[in-house]
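Peer 1: In the order they appear, the protein sequences are chains A and B.
Counting in the UniProt record's numbering, the first sequence runs from 1 upward without gaps.
Counting in the UniProt record's numbering, the second sequence runs from 1 upward without gaps.
There's a structure below that I have some questions on.
Number of protein chains: 2
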Amino acid sequence: MGRPIRTRRQATLASLAAELGVSRTTVSNAYNRPDQLSPELRRRVLETARRLGYPGPDPVARSLRTRKAGAVGLLLTENLSYAFRDPAAVGVLEGLALACEDAGVGLHLVPASPGREEVAAVHRAGVDGFVVYSVPDDDPHLAAVLSRPVPTVIIDQPRIEGVDRVGPDDASAITGLANHLVELGHRQIGVLCMRLARDRNDGFVSRERQCDAHFHVQRTRLAALAETFQAAGVDWSTVPVVERFEHTVDDGASAARQLLDTHPQVTALICTSDILALGALAEAGRRDLRVPADLTVTGFDGIAEATRAGLTTVHQPVLEKGRSAGQLLLAAHDHVNPRVITLPTELRLGTTSAPPRTAEEFWFGP
Amino acid sequence: MGRPIRTRRQATLASLAAELGVSRTTVSNAYNRPDQLSPELRRRVLETARRLGYPGPDPVARSLRTRKAGAVGLLLTENLSYAFRDPAAVGVLEGLALACEDAGVGLHLVPASPGREEVAAVHRAGVDGFVVYSVPDDDPHLAAVLSRPVPTVIIDQPRIEGVDRVGPDDASAITGLANHLVELGHRQIGVLCMRLARDRNDGFVSRERQCDAHFHVQRTRLAALAETFQAAGVDWSTVPVVERFEHTVDDGASAARQLLDTHPQVTALICTSDILALGALAEAGRRDLRVPADLTVTGFDGIAEATRAGLTTVHQPVLEKGRSAGQLLLAAHDHVNPRVITLPTELRLGTTSAPPRTAEEFWFGP
DNA sequence: CTGAAAGCGCTAACAC
DNA sequence: GTGTTAGCGCTTTCAG
């Protein structure tokens with residue numbers, strides 16, 4: 001395949017028009033409105049363009065003129081690369097990519113590491129709108145996005161008044177799970193959760209930190225758990241909650257270790273994500289704790305690997321989440337009534353939840 | 001968090017300058033060159049901007065002026081969503097995202113389904129360069145990319161003269177694997193490969209189609225296999241090669257089924273990807289063929305799931321591949337000597353390869 | 001079917 | 001430090 005010589009871009013629509021002895025409009029029409037000029041002339045224009053090495057209208061100039069960038073920006077709280085590690089995040093990305101593909105617009109991943117306060121990338125992004133996926137409510141990148149005069153859709157969190165949002169009903173979803181555990185008889189529980197704020201805290205979480213969490217999803221789940229278990233007679237202030245900044249299977253395992261080391265009497269480990277739960281399962285195996293006979297473990301998300309592991313979890317349609325967000329953003333909208341799409345969730349009972357050991361079994365074995 | 005009122009964008013740099021009674025340069029400097037004006041004035045500018053709801057310089061207009069889009073385009077041969085399904089592709093994406101993040105530029109996923117010949121999206125993308133990942137040599141999107149006056153780096157395939165490229169040495173990598181099988185004693189082999197061209201052909205592959213494959217990687221691997229096994233006394237024209245258009249575990253399984261149904265005497269199944277190999281393993285299980293006692297299976301890529309399955313395969317550093325491509329694209333370059341980065345591969349012997357059954361064992365069991 | 005005029009919103013020399 | 005001058009390359013009414 002021949003490679004066009006890459007000359008110092010000199011040919012422009014204007015120069016092409018000059019060469020042809022027609023107006024710029026005509027050349028523009030040759031590309032954008034074929035029906036506005038004779039086929040013959042159009043052929044000549046395109047032909048000359050090829051000869052001069054004119055690559056067609058410059059996309060940036062066109063965007064400036066038409067006020068359409070032809071792309072959607074995506075803001076994540078994490079390193080971009082993180083998004084590719086968590087299957088739930090990949091699902092969201094996939095759904096969003098699907099929606100963009102259907103609409104023929106690009107998906108512009110904004111480089112926004114959590115560490116750097118560098119929000120310039122948000123301002124530099126030539127996009128027609130943003131999808132924001134699961135960032136803390138005090139994220140400076142989010143503020144930068146909201147300051148831009150383009151529509152925005154937020155997935156999962158945070159909840160910002162006046163901004164479109166798509167996500168599950170976290171409270172009711174996790175309440176269903178909690179009820180399941182209550183019914184099984186669990187009263188000695190422990191919780192493993194994802195990061196609650198931008199500052200790192202790998203360890204136990206005070207009641208205050210739980211309530212002040214900047215990640216709405218985690219805050220809601222913890223609050224719902226607290227409510228359900230309090231109603232079942234559990235004093236929430238005695239329930240150990242361990243937080244991990246990083247969201248990996250290994251961190252789930254180490255969190256489980258930390259919790260079980262200090263609270264061996266726990267009969268159920270509730271994890272706010274499948275990834276953490278998979279780590280908890282691994283740690284249980286390491287300790288020769290049988291699941292679910294000795295320990296119940298639950299997750300959240302319903303990723304494929306969790307299903308394979310038989311994890312009891314709450315499934316949410318992640319692909320749909322991404323796709324809905326994209327469609328919402330791309331759909332015409334009056335920009336006055338913010339829209340909220342609440343996605344269904346489903347409690348999936350697996351083989352990792354069962355009634356707790358009785359005290360007798362605890363001391364003497366089953 | 002307060003939501004700024006989204007008025008009909010009226011404030012521009014010019015109107016802000018007018019309001020302040022300063023020149024546009026000064027306002028521009030307030031944003032782009034803080035050292036070029038007094039802190040006091042700058043404060044006033046920013047303050048007034050906030051009051052007027054001026055969101056800062058328009059990124060598109062700035063891009064037009066500076067001739068920098070601040071983004072890298074990514075072209076894939078597949079639906080965007082496919083890229084999120086194959087762990088090897090996700091790895092490449094992750095590496096590329098990492099490189100972009102380091103450089104502070106966005107990653108613009110170009111919506112280019114394989115079906116649609118619609119190359120407009122390529123022309124519409126406001127990017128400073130393209131990374132092309134594994135497309136056929138006759139892909140119209142690729143042609144569109146190459147026609148744009150921006151640098152391009154191709155990952156894996158195709159090989160285009162004068163264009164930067166990064167990828168493994170496929171021929172030598174698969175030759176190492178083939179030698180391993182030859183040494184084990186395999187002479188009755190079958191091959192499962194990925195799509196060889198843009199037209200769908202789920203089934204056996206003629207010698208001609210092998211040689212004419214538009215996917216350079218597959219063509220090279222098949223050619224290298226042919227050479228090695230011919231040298232070992234195998235008549236390649238008798239070797240069954242089954243192609244699958246879709247790249248999924250299920251397709252790998254169905255390909256294996258098709259091959260084993262017609263060629264039960266085969267002792268080794270060489271797959272050109274781990275995904276296909278995982279499918280082959282599944283099919284072997286279904287037939288009660290023990291691996292590797294009854295059947296040897298090999299893959300290519302070295303994805304995590306393959307490692308877990310103990311697959312004998314060729315590992316390639318996918319994350320590095322993506323990262324290198326990004327760095328290559330972003331690095332200054334004289335644009336005259338095309339650069340090629342060849343990544344190392346490693347033969348990983350797992351538990352899915354062993355000497356073939358002897359004829360006796362074949363008939364009478366081990 | 002074609003052309004002239006009028007910017008889209010911004011930045012970068014280069015004077016002042 | 002600040003303003004003036006010139007576009008970046010394109011699309012789009014609106015006449016002819």
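Positions of the beta carbon are idealized from the N, C-alpha and C atoms, including for glycine.
As the structure is a prediction and not an experimental result, all values here were calculated from the model.
(1) Would residue 291 of chain B and residue 284 of chain B be called neighbours here (beta carbons separated by less than 8 Å)?
(2) Only counting the same chain, and skipping five residues up and downstream in sequence, which positions put a Cβ closer than 7 Å to that of residue 328 of chain B?
(3) Which residue wins for smallest C-alpha separation from residue 45 of chain B, given the options B:110, B:24 and B:194?
(4) Cβ closer than 7 Å: which chain B residues qualify as neighbours of residue 79 of chain A?
(5) Give the single residue among A:345, A:37 and A:32 whose Cα lies nearest to the Cα of residue 175 of chain A.
(6) Could you tell me whether the segment 313 to 322 of chain A touches the segment 134 to 151 of chain A, where touching means 3 or more Cβ pairs closer than 8 Å?
(7) Given a cut-off of 8 Å on the beta-carbon distance, is the pair residue 178 of chain B and residue 224 of chain B in contact?
(8) Whose CA, out of A:321, A:299, A:136 and A:324, lies closest to the CA of residue 212 of chain A?
(9) Below 8 Å between beta carbons: does that hold for residue 192 of chain A and residue 295 of chain A?
(10) Throw me the rounded Cβ distance for the residue 330 of chain A and residue 274 of chain A pair, which I believe falls under 8 Å.
(11) Would you say residue 131 of chain A faces chain B, with C-beta separation under 8 Å as the test?
(12) Against chain B, with Cβ distances strictly below 8 Å, would residue 219 of chain A count as a contact?
(13) If contacts are defined as beta-carbon pairs under 8 Å, then residue 259 of chain B and residue 190 of chain B qualify, I think. What distance do you get, rounded to the angstrom?
(14) Please report the straight-line C-alpha distance between residue 348 of chain A and residue 265 of chain A, rounded to a whole angstrom.
(15) For residue 104 of chain A, which residues in chain B fall below 8 Å Cβ to Cβ?
(16) Shortest alpha-carbon distance to residue 170 of chain A belongs to which of A:238, A:59, A:299 and A:31?
(17) Are the C-beta of residue 97 of chain A and some C-beta of chain B separated by less than 8 Å?
(18) What do you get for residue 233 of chain B, buried or exposed, if any count of 16 or more other CB atoms within 10 angstroms of its CB means buried?
(19) Taking the C-alpha atoms as reference points, what is the distance between residue 351 of chain B and residue 255 of chain B?
(20) So what's residue 300 of chain A in DSSP terms, helix, strand or just coil?
(21) Where does residue 2 of chain B fall in DSSP's three states?
(22) Looking at the C-beta of residue 56 of chain A, does it have a partner C-beta in chain B at a distance below 8 Å?
(23) Just the C-alpha distance for residue 210 of chain A and residue 196 of chain A, rounded to the nearest angstrom, thanks.
(24) Would you kindly check if the distance between the Cβ of residue 106 of chain A and the Cβ of residue 111 of chain B is under 8 Å?
(25) Please decide whether residue 84 of chain B counts as near chain A, where near means a Cβ-Cβ distance under 8 Å.
(26) Determine which residues of the UniProt domain "HTH lacI-type" (11 to 66) of chain B have a Cβ less than 7 Å from any Cβ of chain A, and write them out in chain order.
(27) With 8 Å set as the bound, which would you pick, yes or no: does the beta-carbon of residue 149 of chain A sit closer than that to a beta-carbon of chain B?
(28) Quick one: does residue 348 of chain A have its CB under 8 Å from some CB of chain B?
(29) Which residues, in order along the segment 182 to 216 of chain A, keep a beta-carbon less than 7 Å from a beta-carbon of chain B?
(30) Can the beta-carbon of residue 205 of chain B be found closer than 8 Å to that of residue 128 of chain B?
(31) Can you tell me the Cα-Cα spacing of residue 149 of chain A and residue 76 of chain B, whole angstroms?
(32) What did DSSP end up calling residue 318 of chain B once you bin it into helix, strand or coil?
(33) Return the chain-ordered ranges of every beta strand (DSSP E) run that is complete within the segment 99 to 184 of chain A and spans a minimum of 3 residues.
(34) Would you say residue 356 of chain A lies against chain B (beta-carbon separation less than 8 Å)?
(35) For residue 90 of chain A, which residues in chain B fall below 9 Å Cβ to Cβ?
(36) Which residues in chain B sit within 8 Å of residue 125 of chain A, going by Cβ to Cβ distance?
Peer 2: Let's see:
(1) Against a cut-off of 8 Å, the Cβ pair of residue 284 of chain B and residue 291 of chain B comes out as a contact.
(2) Closer than 7 Å at the Cβ level, and outside the excluded window around residue 328 of chain B, lie 153, 164, 166, 339 and 341.
(3) Looking at B:110, B:24 and B:194, the one whose alpha-carbon comes closest to that of residue 45 of chain B is B:24.
(4) Taking the beta carbon of residue 79 of chain A as reference, the chain B residues within 7 Å of it are 101, listed in sequence order.
(5) Nearest of A:345, A:37 and A:32 to residue 175 of chain A, Cα basis: A:345.
(6) No contact exists between the segment 313 to 322 of chain A and the segment 134 to 151 of chain A.
(7) Taking 8 Å as the cut-off, the Cβ atoms of residue 178 of chain B and residue 224 of chain B count as close.
(8) Of the listed residues, the one whose Cα sits closest to residue 212 of chain A is A:136.
(9) Cβ distance not < 8 Å, so residue 192 of chain A and residue 295 of chain A don't count as in contact.
(10) Between residue 274 of chain A and residue 330 of chain A the Cβ distance is about 30 Å, and since that is not below 8 Å, they are no contact.
(11) Judged by the 8 Å Cβ criterion, residue 131 of chain A is not in contact with chain B.
(12) No, no contact with chain B.
(13) Residue 259 of chain B to residue 190 of chain B, Cβ: 5 Å. Contact.
(14) Taking the straight line from one Cα to the other gives about 26 Å.
(15) The answer, in chain order, is 111, 118, 120 and 121.
(16) The shortest Cα separation from residue 170 of chain A among A:238, A:59, A:299 and A:31 belongs to A:299.
(17) For residue 97 of chain A, at least one C-beta of chain B is nearer than 8 Å to its own C-beta.
(18) Per the 10 Å Cβ criterion, exposed.
(19) The straight-line gap from Cα to Cα measures roughly 21 Å.
(20) Under the three-state reduction of DSSP, residue 300 of chain A is assigned to coil, being neither helix nor strand.
(21) Caution is warranted here: a pLDDT of 35 is assigned to residue 2 of chain B, below 50, making its placement in the model unreliable, and the coordinate value is therefore given only provisionally. In this structure, residue 2 of chain B counts as coil in the three-state DSSP scheme.
(22) Closer than 8 Å: yes.
(23) Rounded to the nearest whole angstrom, the CA to CA distance from residue 210 of chain A to residue 196 of chain A is 7 Å.
(24) Closer than 8 Å, so yes.
(25) So, interface residue.
(26) Answer in chain order: 55, 56, 59, 60, 61, 63 and 64.
(27) So yes, residue 149 of chain A belongs to the interface.
(28) Closer than 8 Å: no.
(29) Taking 7 Å as the Cβ-Cβ cut-off, the segment 182 to 216 of chain A has no residue approaching chain B.
(30) With contacts defined as CB atoms closer than 8 Å, residue 205 of chain B and residue 128 of chain B fail to qualify as a contacting pair.
(31) Rounded to the nearest angstrom, the two C-alpha atoms are 31 Å apart.
(32) The three-state reading of DSSP puts residue 318 of chain B in helix, counting H, G and I together.
(33) Listed in chain order, they are 106 to 109, 130 to 133, 152 to 155 and 164 to 168.
(34) With 8 Å as the cut-off, residue 356 of chain A does not count as an interface residue toward chain B.
(35) From the beta-carbon of residue 90 of chain A, the residues of chain B found nearer than 9 Å are 84, 85 and 90.
(36) Below the 8 Å Cβ cutoff, chain B contributes 59, 70, 71 and 106 as neighbours of residue 125 of chain A, in chain order.
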